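Worksheet: the structure to be examined is printed underneath.
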Amino acid sequence: MAGSGPNKEEFQALHNDETKARIASNLNHPYEPKPLGEQSRALNRQTIMVIIGNLGVMSIGMGLGLPTVTQRPMTDTTEQVYLTQSQFTWFASLNLLAAPLGGLLSGVLLDKLGRKCTIYCLNILGLTSWILLAIASKEDNDIMFLQLMASRFLVGVTHGLSSAPVGVYSAEISTPKIRGRLILGTSISVSLGITVIYVLGYFIRTDWRLIGWICTGFQVLALMSVLPMPESPNWLISKGRLQEARKSLNYFRGLDKKATITHPEVLAEFNVLQKNIHLAEGQKMPSFWKSLRLPEVYKPLLILIGMFTFQQLTGIFVIIVYAVQISVEAGVTMDPFMCAVLIGLARLITTCPMAYLLEKWGRRRAGIISAAGMTVCMILLAAQSYLRVIPFLPVIAIVSFIVLSTLGIFTLPFFMISELFPQHVRGRASGLTVAFGLLAAFFCTKTYPGMKDAIGNEYCFVVYGVVSFAAMIFVYLVLPETRRRTLFEIEEQFRMKKPLKPTQVEMREICINIGIELKNFCFRFQLFAVSMSSAPFSDDKTTLKNDEQVTPILCQGLNKPRRTKPLGERSKAVWRQEFMVFLGNVGVLGAGMAVALPSVTLDQLTNANESFHLTIEEATSINTMACPLGGLLVGYLLDRVGRKNTILATHITGVLGWALLASCTMYSDRTTILIQMLLARFLSGVMIGLCLSPVGVYSAEIGLPRIRGRLILGTSIGIAAGILFMYILGYFIRNNWQLIAIISTVFQIISTLCVLPMPETPSWLMQKGHLEKARRSLKYFRGLNMNDIAYCEEFENEFNQIKRSSEISRNTAQTESLLQVVCAPEVYKPLLIMIGFFGVQQCSGIVVVVVFAVQIATAAGVSTDPFLCAVMVGVARIITTLFMSSLFERWGRRPAGMFSASGMTVCMLLLALSGWYPKAFARVSVLPAICIVMHIIFSTMGLLTLPFFMISEVFPQRFRGTASGLAVSLGLLASFAVVKLYPSMVIVMGTAYVFAFYGCISLVGVAYIYFLIPETRGRTLLEIEEYFRTGRMVSLDQVLEQNLERGECKELFIKT
22 MAGSGPNKEE
32 FQALHNDETK
42 ARIASNLNHP
52 YEPKPLGEQS
62 RALNRQTIMV
72 IIGNLGVMSI
82 GMGLGLPTVT
92 QRPMTDTTEQ
102 VYLTQSQFTW
112 FASLNLLAAP
122 LGGLLSGVLL
132 DKLGRKCTIY
142 CLNILGLTSW
152 ILLAIASKED
162 NDIMFLQLMA
172 SRFLVGVTHG
182 LSSAPVGVYS
192 AEISTPKIRG
202 RLILGTSISV
212 SLGITVIYVL
222 GYFIRTDWRL
232 IGWICTGFQV
242 LALMSVLPMP
252 ESPNWLISKG
262 RLQEARKSLN
272 YFRGLDKKAT
282 ITHPEVLAEF
292 NVLQKNIHLA
302 EGQKMPSFWK
312 SLRLPEVYKP
322 LLILIGMFTF
332 QQLTGIFVII
342 VYAVQISVEA
352 GVTMDPFMCA
362 VLIGLARLIT
372 TCPMAYLLEK
382 WGRRRAGIIS
392 AAGMTVCMIL
402 LAAQSYLRVI
412 PFLPVIAIVS
422 FIVLSTLGIF
432 TLPFFMISEL
442 FPQHVRGRAS
452 GLTVAFGLLA
462 AFFCTKTYPG
472 MKDAIGNEYC
482 FVVYGVVSFA
492 AMIFVYLVLP
502 ETRRRTLFEI
512 EEQFRMKKPL
522 KPTQVEMREI
532 CINIGIELKN
542 FCFRFQLFAV
552 SMSSAPFSDD
562 KTTLKNDEQV
572 TPILCQGLNK
582 PRRTKPLGER
592 SKAVWRQEFM
602 VFLGNVGVLG
612 AGMAVALPSV
622 TLDQLTNANE
632 SFHLTIEEAT
642 SINTMACPLG
652 GLLVGYLLDR
662 VGRKNTILAT
672 HITGVLGWAL
682 LASCTMYSDR
692 TTILIQMLLA
702 RFLSGVMIGL
712 CLSPVGVYSA
722 EIGLPRIRGR
732 LILGTSIGIA
742 AGILFMYILG
752 YFIRNNWQLI
762 AIISTVFQII
772 STLCVLPMPE
782 TPSWLMQKGH
792 LEKARRSLKY
802 FRGLNMNDIA
812 YCEEFENEFN
822 QIKRSSEISR
832 NTAQTESLLQ
842 VVCAPEVYKP
852 LLIMIGFFGV
862 QQCSGIVVVV
872 VFAVQIATAA
882 GVSTDPFLCA
892 VMVGVARIIT
902 TLFMSSLFER
912 WGRRPAGMFS
922 ASGMTVCMLL
932 LALSGWYPKA
942 FARVSVLPAI
952 CIVMHIIFST
962 MGLLTLPFFM
972 ISEVFPQRFR
982 GTASGLAVSL
992 GLLASFAVVK
1002 LYPSMVIVMG
1012 TAYVFAFYGC
1022 ISLVGVAYIY
1032 FLIPETRGRT
1042 LLEIEEYFRT
1052 GRMVSLDQVL
1062 EQNLERGECK
1072 ELFIKT
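The sequence shown begins at 22 in our numbering and counts up by one.
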C-alpha cells in the first residue's frame, strides 16, 4: 500500500505547503495606497456634499409626482375651488414647459455664479414654487389656477436648473472612479422626491395644500443644507480663484482646507485642472454658437438631445405626472395612490444602484436594457384590457416600467450631460440639452390627457412602447460609453472619432484576474495529480524536488504591483465629491416633486365639486411645457455663471415656483389663482429643465471616471426621490394641494441653502481664469488640504491636464464658427445620440407613469389605493436609482440601458394585454400594480437615468453646459408632449393601446441603445470626446499630446 499514493500525513503536509504558497504569493504584492480622492475621508466628504446638493433635487421629483397625488382633490367639483381637466393638464405639464428655461439658466448660472450658487438658486426657486402651491387661494378658482401655474412654472424652472448643477458639481469634485455614483445622486434625489410625494399623496388625499406646506418645509431644510458646500475646484480655477480652488480640492481629497497644496498627488491634479482650463482660456472664448461647430460639442449635444427626446417620448414623465391616473386607467385594482407610492419606491430603489450599474455595465448597456424593459412593460400595459386574468399585471408593468426606465433611459440623459460636454460649453450645452428634454417632457405631459381621450390608454402605452424600442436602438447605435473616462478623455473621443475600447487599466485588471484564475487552476490540478499519482513520497529528496517544481509555478506572475488608486478615487476625495454632489442634488428633489405633482393633485384640482378646479388640460402639462425653457437656460448659466451658481439658480427658481403655487389660494378670483398657478407650474417646469444637467456636469467635472457614474446619477436619484416624496405627500394629503406646495417650498428652501458650501468645479474655474480657485477646488475634490502648498505630482498632473484642455478648447472654439462647432463630430454625434436617447426615454412612457402614477394605476386595473400605488412607484424608482451608479459602473451604460428597456417593454406589454383581455387577467388583480412598479424599476435601471447620466459624459468640456442643456431641453420638450398627449391618447386609443405604444417605444429603445449608445464606463471625459471626434479610443496621455499639438497649431495659426 505504500506505493499506492500519499498517506494522510503527506496530504496534510501538502495542504500546508499550499497554504504557505498562497500566503507567500500574497506577500509578493506590495501595498499600494488608494488615491486621495478614493480614500474614505475624501469619499465621505464628496458623498456628503453631493447628498446636500441633491436635497433640493428631491423637490424636483416631488414636483414631478405631485400631479399624480393631487389630481383628484384638485379636480374635485364638490370643492369650492377646483381645477377643470384642461386646467389640471396645464398644472401637470407647465413645469416641464418651464424646465427648459431652467435648463438654459443652469448653464449660465453654472458658469457665472458657480456650481454652489446655482444649487442655491435651484433651492430658492423650488421653495418659492412650493410656497405658491401651499398658499393657493381657497375662494377664487382663477386666482388659485394662476397661483398653481406660477408654482408649477417655478417647479419647471427649478427642474431645469437642477438637471446639471449637482451633477456638474459631483463630476468636478470627484475622481472618475466614483464620479458615476456621485452624479447619480441627482437621479436618486428625483426618484426619492417622487416617492415622497407619492407617499404624501397616499396619506393626504384631500388636502393638497398641506402637501405643499410639507414640501415647503423640506425645501427650507434643503436650502439651508447648501451653506456648508464648498465650490467646485474646477469652477474656481476657471474663475482665477486659485486659493479657493486649492482649499476646495484639498477638502474633497480628504485634506485640510488650506490655500496651498502640499500633497504631490493633489498638486498634480490641481496642475492638470489648471493647465487644461488655461489651454481653453488661452485665447478669447468664442460664442457658444461658434463652439457648436466643434465635434466635441455638437456630437454630445446631438446625442443627448436624441436621448432626451426618446426619454420623454417613452412616457417616463407621463407616468410620473399621472401615476395615479395611469394606475387606474391601466386596470390596477389596488389603491391607485398606493400604486403611485409603489411607482415612486420602484424608481427610488432602482435609482440607488444606478451609479454602481453604470460603472459596472457602462452607460450603453444600461440604456439598452432599460429601453428594452420599458418596451415590454408598455406592451403589457397596452394588453392589460385583454388579459384581465392577471389582476396585478398593470401594477407589475407600471412598476417595472419605472424600474427599467430608471435603469437607463430616465437617468442616462441627465447623467451623461455632466460628462460629455467640454468645459467651456458645459454649462450652456447641458442647459440646452436639458431645455430640449424638458420641452419634450412638457409636450408629452400636456398631450397625454388628450392623447388618452383620442386613442385610449392602451394605444398610448403602445406608442410609448414603440418609442422605448426606438430608444433602445438609439442607445445601441449612437450613445457612447463614458464609463471610467475622465472628462477630458470623453471630450477627446468626440473630437478624434475613435471607437471606445477597454482602457489600459481595464485590460490590465482583466489580465491579472485571468492570471490569478489560471494560477489557482494550475495549483489545484497539480495537487490533484499528486494525490492521484502512484509514486510514493518515500524520501525527503522526492518531496524537495516536488516543492522545487511546484513553487515557481505557484509564485509565477504574483509579483505584479497593485494599482495605486488616483487621488480622486481615494476615500477622502470620494467622500468630498459625493457629499458635494449630494448637496447639489438636494434641490433636484424639488424637480422630481414638481414632475410628480400633477399625479397627486390632478384629482383635487379637477374636482368639479371644489370651489376652485381646473380642467384636465389646465392641470397637467404647463410645467412640462416650461421644462425645455429651463433646459435651454441651463446651458447658458452653466457656461456663464458656473456649475454651482447654476444649481443655486435652479433651486431659487424652484423656491419661487413652489411658493407661488402655495400662495395662489390667497386670492378669491379664479383668474388670478389660475394665472399664479400657471406661473408657479411654469417656474417649476423651468426648474425641472434647469436641474437636470448642472449637477451632472458638476459631478462629471469633479470626479474621475471610476466614480463619475455614481456622481452623475445623483440627479436621477434626486428626481426619483422627489417624485417619491411627492407621491407620499399625495398619499397622505389628498385634498389639500396647498399644503403639499408649502411642504415643497420649505424643502426647496433647504435645498437652496445646501448649495452654499459647494465649491465650484476646477474645470470651470480654470476655464474662467481663476487658477488659484481651481487649484483649491481640485485639491478639495482630491482629498487634499486646500491650503497645503506641498507638491503632489499626481495632483499637479491632473491640474495641468485640466488647464491644458481648457486652453485648447478655448483656442479651438475661437477660430471656429457656430456651423463648424456643430459639424464637429465630438459635438454633433453625442448631441444627436442624446437627443434621440431622450426622445426614446420620454416616448417610452416613463414620465407618463411618474406624472400620472395614480391615474395609470387606476386605469391599469390596480385594485389597491392608486395613491399608495404611486408611492410604491416612487419607492421603487428611488431604491432602484440608488443602486444605478454601481450598476452602470459594473455593467456599463449599454447593458443597463438594454436591460432596462427590455424590462419596460415587458411591463408595458403586460399592462396592455391586461387592458385588452380583462377577463383573462381578472384572477391576477395585483398584476397591474406589479407591472407599474416593475416598469418604474426597469426604467430607473437604465432608460430613465442613462440619458441624464450620460449628458454629463459625452459632450466636450467647452460645450458641455450648452450641449447638455440643449439635449435636456429637447428631451423635456418631448416629455411635455408625451405628458400632454397622454390623456388624449387614452381617450383616442384607450389605456391598453397607450401601454402597448409605450412598450413598443421601449423595445425601440433597446435597439437604439444597442446600436447607437456608446459605452463610456471607465472612460475619461477626454477619451469619450476623442472617441466621438476620431471614432477610436486612445489613452489619456495620447489625448493630452494631441490636445497639446492641436493647441500649439491653433496658436501658431492665430499668430500668423
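By construction, the Cβ of each residue, glycine as well, lies at the ideal position given by its N, Cα and C atoms.
Values in this document were obtained by computation on a predicted structure and should not be read as measured data.
Worksheet item: Can the beta-carbon of Y312 be found less than 8 Å from the beta-carbon of V446?
Response: Note that residue 312 is Ser in the sequence shown, not Tyr. Contact flag set, yes.
Worksheet item: What's the C-alpha gap between I81 and P254?
Response: 26 Å
Fill in: Delimiting residues of the alpha helix (DSSP H) encompassing G486
N478 to L498
Fill in: From L130, A155, Q168 and L57, residue whose alpha carbon lies closest to that of D690
Q168
Worksheet item: CA-CA distance, G724 and I770?
Response: 27 Å
Worksheet item: Which stretch, first to last residue, makes up the beta strand (DSSP E) that contains F633?
Response: S632 to T636
Discussion item. For a test of the three-state rule: what should DSSP assign to F464, helix, strand or coil?
Written reply: helix
Worksheet entry | Through-space distance from R506 to I533, alpha-carbon basis | Note on I533: pLDDT 48, under 50, position unreliable in the model; the coordinate value appears next. Between I533 and R506, the C-alpha separation is close to 21 Å.
Item to complete: For N806, I'd like the list of residues in its chain whose CB is within less than 6 Å of its CB, leaving aside the five on either flank, ordered along the chain.
Response: N271, L276, D277 and K279
Worksheet item: With a Cβ-Cβ cutoff of 8 Å, do V662 and L131 count as a contact?
Response: yes
Worksheet item: Hey, how far is the Cα of N65 from the Cα of S191?
Response: 13 Å
Fill in: Outcome for I810 when other beta-carbon atoms lying within 10 angstroms are tallied against a minimum of 16
exposed
Practice prompt. Give me the Cα-Cα distance between D228 and E631, rounded to the nearest whole angstrom.
Written response: 12 Å
Practice prompt. Quick one: using the 10 Å Cβ neighbour count with 16 as the cut-off for buried, is K15 buried or exposed?
Written response: The question about residue 15 has no answer, for the chain in this structure spans 22 to 1077.
Worksheet entry | Classification of T99 by the beta-carbon crowding that lies within 10 angstroms, buried from 16 upward | exposed
Discussion item. Helix, strand or coil for T432? Go by DSSP, reduced to three states.
Written reply: coil
Worksheet item: Going by DSSP, which residues form a beta bridge with T736?
Response: T207
Worksheet item: Does DSSP put T1012 in a helix, in a strand, or in coil?
Response: helix
Discussion item. Taking 8 Å as the cut-off, does the segment 226 to 246 touch the segment 101 to 120 (at least 3 CB pairs, one atom from each stretch)?
Written reply: no
Fill in: Runs of alpha helix (DSSP H) lying entirely within the segment 598 to 626, each at least 4 residues, in chain order
609 to 616 and 619 to 626
Worksheet item: CB-CB under 6 Å to E817, same chain, minus the five flanking residues each way: which ones, in chain order?
Response: L288, A289 and N292
Worksheet item: What did DSSP end up calling G1039 once you bin it into helix, strand or coil?
Response: strand
Worksheet item: So L732 packs on G206, CB below 8 Å; how close in whole Å?
Response: 7 Å
Worksheet item: Smallest Cα separation from G860: which of R914, L965, A943 and L134?
Response: L965
Worksheet item: Can you tell which of L315, Q67 and L713 has the C-alpha that lies nearest to the C-alpha of E193?
Response: Q67
Worksheet entry | Best match in L948, R1040 and F969 for proximity to S183 [C-alpha to C-alpha] | F969
Item to complete: Output the boundary residues of the beta strand (DSSP E) element that contains L104.
Response: V102 to T105
Worksheet item: Taking just the CA atoms, how far does F820 sit from I370?
Response: 36 Å
Discussion item. Is the beta carbon of V607 closer than 8 Å to that of G86?
Written reply: no
Worksheet item: A387 by DSSP, collapsed to three states: which one?
Response: helix
Worksheet entry | Coarse secondary structure for P939, derived from DSSP in three states | coil
Fill in: Nearest-angstrom beta carbon gap, L57 and I728 [assumed within contact, 8 Å]
Between L57 and I728 the Cβ distance is about 13 Å, and since that is not below 8 Å, they are no contact.
Item to complete: Could you tell me the distance, in whole angstroms, from the CA atom of V1007 to the CA atom of A933?
Response: 12 Å
Discussion item. So the candidates are I709, T693 and P726; which of them puts its Cα closest to the Cα of R911?
Written reply: P726
Worksheet item: How would you write the range of the beta strand (DSSP E) that L76 sits in, first residue to last?
Response: L76 to V78
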